[in-house]
Structures are given as C-alpha cells and as structure tokens.
Amino acid sequence: SRNRLLLACGAAAGVSSGFNAPLSGVYFALEVVQAALPTISIPTYTQDSNGISTESNSSKIVLPQQSFSSNQGSIAAILISSILAALVARVLLGNELALELLTYEIKTPLAELPLYIGLGISCGVVSVIFTEVAKLFKAIFDGKVGSQTVRDSFSAIPAAVLPIIGGFACGIVGLFYPEVLFFGYETLNRLLSDDNRLSTELLLSLLAAKTFATAVAASSGLVGGTFAPSLFLGGMVGASFHNIACETFTAFNIPETISTSSGLLFDLAGVPVYSIVGAASVLAAIFRAPLTASLLLFEITRDYDVLLPLLASAGVASLVSDILEAKVEQAIEQQY
115 SRNRLLLACG AAAGVSSGFN APLSGVYFAL EVVQAALPTI SIPTYTQDSN
165 GISTESNSSK IVLPQQSFSS NQGSIAAILI SSILAALVAR VLLGNELALE
215 LLTYEIKTPL AELPLYIGLG ISCGVVSVIF TEVAKLFKAI FDGKVGSQTV
265 RDSFSAIPAA VLPIIGGFAC GIVGLFYPEV LFFGYETLNR LLSDDNRLST
315 ELLLSLLAAK TFATAVAASS GLVGGTFAPS LFLGGMVGAS FHNIACETFT
365 AFNIPETIST SSGLLFDLAG VPVYSIVGAA SVLAAIFRAP LTASLLLFEI
415 TRDYDVLLPL LASAGVASLV SDILEAKVEQ AIEQQY
C-alpha cells in the first residue's frame, strides 16, 4: 500500500516537474497510475516439522486496487509531491516549458467542432495502430511470433543483447529521420511556432518512423516510455490533419475564413492549435486518460478557448480507441 502510494507520488511529481503542470500531475496519478495497479494476491509460506517452507493454499495476502481519490491522506501526499516538484523545477529552470506554444487564436471553436471530432477519430485510430505495433514487436523480441526461423533466432538471443539490436534499429531510423530521436520536443515546438510548416508527406513519415522506433525501443528493453512519444505522434497527426483540411478546402474552393455582416462564422485555426489538440488526443487514447491529457495541454496553453477542442477531441479519441481495441482483441481470440 505504501509502495503504491509512493509510486503514484513519483509519477505525479514527474509529470508536474517535466511540464510545469502540477494539476495534471495529480490527475495523472489518479487517472492512470491508479488504474495500472490491479488487485494482486501474494502467497504466504509455512514451515513444516523439517523446516521446509511450503506455499499455503488457504492463506494469501490480498492487495486490492487502491483508490487514491477516496483516501484523504493519499490525495494530500500526491498533491504535496506534485506541487513541490513544480516549485523545484521553477526555481531551477524558471518558467521554461518543454513545449513552447507561441501566439495562436481560436476564433470559432464551435464552428470547427466537427473538425476536432474528426481529429479525435484519427488520433484514436493512430493510438490503436501504435499499441498493436508495440505488441507485435514485443512478441517478436520474445520469440513468440513470426516464422520458425525468426522465433528460434530471437529465442536464442540472450536478453542482454536485445537492447543492442533495438538500439541499432533505432539508430538506422535516426539516420534518415533524426527528428524522431529522444523526446522529439524540438520538432513539436517547430509545429507550435507555426514558423516553418512541414509538408504532409514529411509529417506522415515522421509519424511512421516514431511509431516504429518507439515500439522497437520498448520491446527490446531499452530505457524509455510512451508518454513523450505519444505527444509527438499526436502532434504529427494534428499537423497532418490540418494540412489535409487546408488542401481539401482549396480543392473544393471553400474559404478558410467565412464572415458575414453579422460577424465571423468560421475561421480555420492554425497548425499550432491542431498540433496541440492532436498531442492531447493521442495521449488520452493511449493512456485512457482524457482528463489528464486535456488538463496538461490546458496548463501549457493557459487558454480557456482551447478547452472545448481539447475535451471533444480527447474524449472521442479515447472512445474510438476503446472500441477498436475491443474489436481487435475479439478478432485475435476468434483467430486462435
């Protein structure tokens, strides 16, 4: 119980200090970490007359899934950890953020709502593809799928050598697409600055390269996670979606800004908005945490106008991801 609480406090502090977002750190612990700690049973052992320990079938220690939100002491500990981490980060780093969102405008969020819902659907599909690719590479490195030669080869490789293979594969990808290496925040910040708009072809290539590199790295045992990569993937999806929307409007001679004498009816937001909404949506879909993702990007932008697009897109992405993953699992069960 105490170790689980310490784990939640550490996760909250990490998100809080990494993104200067203490509220998101708290919600990450309550929404993601809590769900990742299921009920477990620990067997107990008894000694017989010969002093030999044997597992007892009648007595087990059960650690139920802990609800941090229902325990005042747990909430206080998570809050204090998150706040202190943010304070220390600000003292040492100032108000510098990992993601730097410059000036942007969302003039007609209600009129653009169908586009944000479409972006949420796209992000949900991408999150499922990423999850399934990661599972596939994990099974390959474990020697469970592929041809018999592939299975025998990976089964015979020592566990200590697998990260070397993963690092070599990621290095090759990095030679062609260096933007996908490490966190990828520099590339995201380029999108958020709106100074240099990347082509749709490059964005989709970076999306595929990052998916492959992250899946291989995680499956081979390299140090890393999926939190920062999910933001990168979402940024690429959002920027690509914006580019495709602009090209579609141009093809059908639809103006990106529509106004009448009574006021502005529609104004397509820029790449930074769709990138930040896409980042939140993929994060929400992968971690099943729409509130955490929305709050994280809201704390970064500090703009109430972005809440409607964030909540709509992140909620739809999570829903689509749940539906598709259930169908994929059902198809796999029927196949075997």
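My numbering applies: residue 115 is where the sequence shown begins, and numbers increase by one. Don't be surprised by glycine CBs; every beta carbon is placed ideally from N, CA and C.
Item, Value
"One or two residues paired with residue 380 in a DSSP bridge", "372"
"Three-state secondary structure (DSSP) of residue 297", "coil"
"Extent of the continuous alpha helix (DSSP H) run through residue 220", "Per DSSP, residue 220 belongs to no alpha helix (DSSP H) and is neither H nor E."
"Residue 200 and residue 292 closer than 7 Å at C-beta", "no"
"N-terminal and C-terminal residue of the alpha helix (DSSP H) that residue 313 is part of", "No alpha helix (DSSP H) contains residue 313, which DSSP labels as neither H nor E."
"Which listed residue (304, 428, 337) has its alpha carbon closest to that of residue 403", "428"
"Residue 446, buried or exposed, once every other Cβ within 10 Å from all chains shown has been counted against 16", "exposed"
"Beta-carbon contacts of residue 146 that lie in its chain and below 7 Å, excluding the five residues immediately before and after", "401, 403, 406"
"Residue interval of the alpha helix (DSSP H) (run including residue 354)", "341–365"
"Contact under 7 Å by Cβ, residue 188 with residue 119", "yes"
"Residue 258, DSSP secondary structure in three states", "coil"
"For residue 116, the first and last residue of its enclosing alpha helix (DSSP H)", "116–133"
"Collapsed DSSP secondary structure at residue 338 in the structure displayed", "coil"
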